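K.L.:
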Amino acid sequence: MTEYTVESVTTAEPAPGHPCWRIRYRRADGEAHEHVFPADCLEWRMAEYGVDAAEALDMVLAEPFIPDPADPARVREDVAVAAGFYAPALVARPGVAVGDTMPSTLHTADSITEARAAHRLRVAAARQRVPLADPDKLLDQVLAESPTDPEVIAVMADHVTRARAHLRQAATPTTARTAPADRAAAYRRRLLGDQPREDHPRA
1 MTEYTVESVT TAEPAPGHPC WRIRYRRADG EAHEHVFPAD CLEWRMAEYG VDAAEALDMV
61 LAEPFIPDPA DPARVREDVA VAAGFYAPAL VARPGVAVGD TMPSTLHTAD SITEARAAHR
121 LRVAAARQRV PLADPDKLLD QVLAESPTDP EVIAVMADHV TRARAHLRQA ATPTTARTAP
181 ADRAAAYRRR LLGDQPREDH PRA
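Rendered as structure tokens:
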């Protein structure tokens with residue numbers, strides 16, 4: 001267990017129009033560590049998981065220390081799986097086929113409630129492994145100055161809902177069916193000869 005102490009909180013703009021927060025930590029062994037994330041990151045977590053700004057910030061700060069739940073090689077490390085939070089994979093990737101049992105995530109969980117519970121477990125586990133100390137309350141600036149516009153959060157939440165639905169639709173096998181009007185046209189061509197059939201060309 002290595003504690004990270006917040007040393008400074010500053011803003012950055014690595015690309016025009018993309019403001020970010022830069023958190024600088026000092027590890028117990030003296031090594032410096034930086035975490036840079038978009039200024040609207042709290043809004044995204046609030047929209048994705050239905051949490052308040054304080055919990056959204058806690059999630060964002062813990063995420064660099066959470067093993068990737070989509071990595072098949074690290075499934076056994078996932079505390080959410082150990083607690084019974086798993087779901088079928090919706091997208092194929094190396095080592096994972098659609099339908100394979102994988103850890104529940106924002107996009108694969110059956111509901112946002114399930115996704116939130118799984119993510120909370122991962123955040124708590126990360127906090128145990130890598131505790132963060134903020135003796136000077138520097139992170140209060142992030143909470144105070146990060147945008148948390150309810151209208152923007154609602155738009156983001158709608159995007160999440162649509163993305164989840166799209167992934168499920170793409171992962172569900174469908175049987176192509178000919179529309180009734182198209183079937184009638186096909187039979188008309190084949191039986192009544194309204195148009196020549198390719199397999200029986202007319203002289």
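Numbering (UniProt numbering), first residue to last: 1 to 203. For each residue, glycine too, the CB sits at the ideal point set by N, CA and C. Note that the structure is predicted; figures quoted are calculated from it, not measured.
Between which residues of its own chain and Thr108 is the CB-CB distance below 6 angstroms, once the five residues before and five after are set aside?
P.N.:
Ala87 and Leu90, listed in sequence order.
K.L.:
Alpha carbon to alpha carbon, what distance is there between Arg24 and residue 211?
P.N.:
Residue 211 lies beyond the residue range present for the chain, which begins at 1 and ends at 203; the question has no answer from this structure.
K.L.:
Using the C-alpha atoms, what's the distance from Ala28 back to Thr2?
P.N.:
Computed Cα separation, rounded: 6 angstroms.
K.L.:
Looking at the secondary structure, which residues open and close the beta strand (DSSP E) in which Arg22 lies?
P.N.:
Counting along the chain, the beta strand (DSSP E) containing Arg22 begins and ends at His18 to Arg27.
K.L.:
Curious, which full-length alpha helix (DSSP H) runs of at least 4 residues does the stretch 94-159 contain?
P.N.:
Runs of the alpha helix (DSSP H) inside the stretch 94-159: 112-129 and 140-145.
K.L.:
Within 10 angstroms of the Cβ of His159, are there 16 or more other Cβ atoms? Answer buried if so, exposed if not.
P.N.:
Counting Cβ neighbours within 10 Å, His159 comes out exposed, since fewer than 16 surround it.
K.L.:
If the criterion is Cβ atoms closer than 8 angstroms, does the pair Phe65 and Ala126 meet it?
P.N.:
Yes; because the gap between Cβ atoms is below 8 angstroms, this pair is in contact.
K.L.:
Mind checking who Val9 pairs with in its DSSP beta bridge?
P.N.:
Partner(s): Ile23.
K.L.:
In whole angstroms, what separates the C-alpha of Leu61 from that of Ala83?
P.N.:
Taking the straight line from one Cα to the other gives about 23 angstroms.
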